[in-house]
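**Q** This is the structure I want to talk about, given as structure tokens.
Protein chains: 2
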Amino acid sequence: MNSKIRIAIAGYGNLGRGVESALGRSPDMELVAVFTRRDPAGLVLQTGGVPVHAMERIGDFVDAVDVLILCGGSKSDLPEQGPALAALFNTVDSFDTHAKVPEYFAAVDAAARGGKRVALISVGWDPGLFSINRLYGEALLPDGASYTFWGKGLSQGHSDALRRVPGVQGAVQYTIPSQEAIERVRSGSRPSLTTREKHTRECYVVLEAGADASAVEQAIVTMPDYFADYDTTVNFISAEELRRDHAAMPHGGFVIRSGTTGVASSQIMEFGLTLDSNPEFTSSVLVAYARAAFRLGQQGEVGARTVFDVAPGLLSPKSAAELRKELL
Amino acid sequence: MNSKIRIAIAGYGNLGRGVESALGRSPDMELVAVFTRRDPAGLVLQTGGVPVHAMERIGDFVDAVDVLILCGGSKSDLPEQGPALAALFNTVDSFDTHAKVPEYFAAVDAAARGGKRVALISVGWDPGLFSINRLYGEALLPDGASYTFWGKGLSQGHSDALRRVPGVQGAVQYTIPSQEAIERVRSGSRPSLTTREKHTRECYVVLEAGADASAVEQAIVTMPDYFADYDTTVNFISAEELRRDHAAMPHGGFVIRSGTTGVASSQIMEFGLTLDSNPEFTSSVLVAYARAAFRLGQQGEVGARTVFDVAPGLLSPKSAAELRKELL
């Protein structure tokens, strides 16, 4: 008899590898299969003994998997895979296109109800833990204002924009929360702040041979939408430094609620993340919510859910009595 | 037809007044009664038109109240009132004697099941929001260590100890989290820290006429259990300054989880509170969980529950669809 929760991974990129690694730290779960659209024979996993199958065969494994973790991207993979796979499996995904959540939820919900499955969508840290903290802030301190800051974190879109500047050979861009803005929020003064006022941009650029550094810097700091309206700094580095010092994918940020109770008592709630690896942390969140999806399925729930619908206790391998005794 | 959630308060001290004030900021709830063990005629509420009744008559109001918020103390009030009232009403309380939670849970659970009611126990910030963050930390980063720091906050027990020192006319004591210890934890180094290493103690003392300041200071900093093992500072102030500057009840603290994912990625989660008024914030948490208790009752749930059992979405007046659109 197998008493571990049987997990499978759909898509083996950064997220999939992170899920595999997080499962290695979760003794109540086991990885039973990885599904890929690449050639399964060419995929080398970190853990031995786990079979890799072609994505097109995934329908054959409906009875062998308790929860399928979808590790594809939000742009093109999930809009198609989310509904299709939620009809067959209990699923967890990290769909993060905020504006399209209602539409995605509706599609996955219909599919999951049809298949009598549970699908947890938009799991991770934003959307995810940050969303939960925005909700707690608003619900506990209704007279107040919420602030989300991102960073320090690598921004893929802005790094791509740098690489399109003539004379740039390679580059990365970090979004940095403005310390001054954070301190104003923490003071309880409830300032009005745009995303631009809350963040600065830090660029690390490798020049092509013969490129004019000051022309490149001008092109960057005046680039509309991406950099012109921000406090932007440009640092020139060598290709070797780019490889050595900027290969990681750090990220993080803060959700702050500044509210008033009683006559004029200032109350500040703050949640923050400082992440060495953005994809590995997101994967860790996906794995804990896979445990919750399994339990919701066992309770007979069907349809799409978000982190807002999941009681904290469902995320822990401990029993309710253990949690009350040890963590309350 | 009355579509608001009908809330009553049992016990009208700091917490009860805070609940009354928080209800004024919650348009979907209304305060329908306050119950007191004092003479009801002598109690003046902040809001007009709300009846005050004797606690002994509370059984007459079973059908008039959706959720009863218990605002008594954990030492002598709640151990008796919690089970007795959970048999009659859906209840929310802030029972905070950590070591006695399992025993209290069992008593309240049996009573609530007998009366087919829901009882949310140990709601507030610690136990409460801090507990939730300890759980999230442990579940999402199983390879890691958790740290709880308290303060800056007024400690009633330590203030009482100061007032027993000969020569002291009045005093307050603040527990201060050690900035050095916090920075060590935030660095990801996972230090072993005792409660004593994590906190310092700051005393504000008014001397009796003719008292010897240095003798009083010596008596304080060498007092076993309370101060001897801590880095303790003693500030002498006037009775006027004590009244003017130290009448508030600030508190707060941090829950930090320092964990590792992948091969060696450091991941830090941090939740912090900076509260001007400890009782008013606790009251605000009680009111949001009263909304959740009402909904759990409507879903047919019976028995005792803790914050671990409450999905975040149940705390908000917004619908699930609104939450997904606005906060996810």
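Protein chains in written order, with our numbering: chain A, 1 to 328; chain B, 1001 to 1328.
Note that CB positions come from ideal geometry on N, CA and C, so glycine has one too.
Is it true that the CB of L162 (chain A) sits closer than 8 Å to the CB of V205 (chain A)?
**A** yes
**Q** For the beta strand (DSSP E) that T233 (chain A) lies in, which residues bound it at each end?
**A** 232-236
**Q** What are the uninterrupted segments assigned as beta strand (DSSP E) that are 3 or more residues long and contained completely in the segment 1037-1113 of chain B, given in chain order?
**A** 1052-1054, 1067-1070, 1090-1092
**Q** So, are the CB atoms of G1259 (chain B) and L1273 (chain B) less than 8 Å apart?
**A** no
**Q** Count the other C-beta atoms from every protein chain shown that fall within 10 angstroms of the C-beta of L1120 (chain B), then say buried if there are 16 or more, exposed otherwise.
**A** buried
**Q** Start and end of the alpha helix (DSSP H) containing Q156 (chain A)?
**A** 156-163
**Q** Applying the 10 Å Cβ sphere with the 16-neighbour rule, what's the burial state of D1309 (chain B)?
**A** buried
**Q** Could you tell me the alpha carbon to alpha carbon distance between V1052 (chain B) and N1014 (chain B), rounded to whole angstroms?
**A** 16 Å
**Q** Secondary structure at A1213 (chain B), three-state DSSP: helix, strand or coil?
**A** helix
**Q** Hey, would you say G1018 (chain B) sits closer than 8 Å to T1282 (chain B), going by beta carbons?
**A** The answer is yes: Cβ separation under 8 Å.
**Q** If you follow the alpha helix (DSSP H) that E241 (chain A) is in, where does it begin and where does it stop?
**A** 239-245
**Q** For the alpha helix (DSSP H) holding E1020 (chain B), just list the boundary residues, first then last.
**A** For E1020 (chain B), the uninterrupted alpha helix (DSSP H) run begins and ends at 1014-1023, by DSSP.
**Q** Could you name the residues of the same chain whose beta carbon sits closer than 6 Å to that of V34 (chain A), not counting the 5 residues immediately before and after it, in chain order?
**A** Here the set comprises I9, Y12, V52.
**Q** In the structure shown, what three-state DSSP assignment does E1183 (chain B) receive?
**A** helix
**Q** Count the other CB atoms within 10 Å of the CB of N235 (chain A); is the residue buried (16 or more) or exposed (fewer)?
**A** exposed
**Q** State yes or no: is the beta carbon of F1271 (chain B) nearer than 8 Å to at least one beta carbon in chain A?
**A** At a cut-off of 8 Å, the C-beta of F1271 (chain B) has a neighbouring C-beta in chain A.
**Q** Relative to the C-alpha of M1029 (chain B), which candidate in B:E1020, B:D1039, B:S1187 has its C-alpha closest?
**A** Ranking B:E1020, B:D1039, B:S1187 by Cα distance to M1029 (chain B) puts B:E1020 first.
**Q** When you compare the segment 118-137 of chain A with the segment 297-308 of chain A, are there three or more beta-carbon pairs, one atom per stretch, that lie closer than 8 Å?
**A** yes
**Q** Could you name the residues of the same chain whose beta carbon sits closer than 6 Å to that of Y104 (chain A), not counting the 5 residues immediately before and after it, in chain order?
**A** So the qualifying residues of the chain are F95.
**Q** Quick one: is G1114 (chain B) buried, meaning 16 or more other Cβ sit within 10 Å of its Cβ, or exposed?
**A** exposed
**Q** Can you name the residues of chain B whose CB is closer than 8 Å to the CB of G338 (chain A)?
**A** For residue 338 (chain A) there is no data in the structure shown, the boundaries of chain A being 1 and 328.
**Q** Report the residues of the segment 302-315 of chain A with a CB closer than 8 Å to any CB of chain B, ordered along the chain.
**A** Against chain B - using a Cβ distance shorter than 8 Å - the residues of the segment 302-315 of chain A are T306, V307, F308, D309, V310, A311, P312, G313, L315.
**Q** Apart from the five residues on each side of it in sequence, which residues of its chain come closer than 7 Å, Cβ to Cβ, to G1024 (chain B)?
**A** T1047
**Q** In terms of residues, what are the limits of the alpha helix (DSSP H) holding T282 (chain A)?
**A** 278-298
**Q** Measure the alpha-carbon distance for E180 (chain A) versus G188 (chain A) and round it to whole angstroms.
**A** Rounded to whole angstroms, E180 (chain A) and G188 (chain A) show a C-alpha spacing of 13 Å.
**Q** On the criterion of 16 or more Cβ atoms from any shown chain inside 10 Å, does G42 (chain A) qualify as buried, or is it exposed?
**A** exposed
**Q** What separation, rounded to the nearest whole angstrom, lies between the Cα atoms of S26 (chain A) and R1244 (chain B)?
**A** 53 Å
**Q** Under three-state DSSP, which class holds Y1226 (chain B)?
**A** coil
**Q** Which of the residues in the segment 54-70 of chain A, read from start to end, lie with their CB under 7 Å from any CB of chain B?
**A** Cβ contacts with chain B: none found.
**Q** Give the single residue among B:V1065, B:G1262, B:Y1230, B:M1249 whose Cα lies nearest to the Cα of P1177 (chain B).
**A** B:Y1230
**Q** Can you tell me which of the three DSSP states I7 (chain A) falls into?
**A** strand
**Q** Indicate the three-state DSSP secondary structure (helix, strand or coil) for S316 (chain A) in the structure shown.
**A** coil
**Q** Along chain D, in chain order, which residues have C-beta atoms closer than 7 Å to that of R25 (chain A)?
**A** The structure shown contains no chain D; its protein chains are A and B.
**Q** Relative to the alpha-carbon of R1134 (chain B), which residue among B:G1170, B:A1213, B:M1269 has its alpha-carbon at the smallest distance?
**A** B:M1269
**Q** List the residues of chain B whose Cβ lies closer than 8 Å to the Cβ of L296 (chain A), in chain order.
**A** Near L296 (chain A) there are no residues of chain B at all, since even the closest Cβ is about 10 Å away, more than 8 Å.
**Q** Between which residues of its own chain and A54 (chain A) is the CB-CB distance below 6 Å, once the five residues before and five after are set aside?
**A** P40
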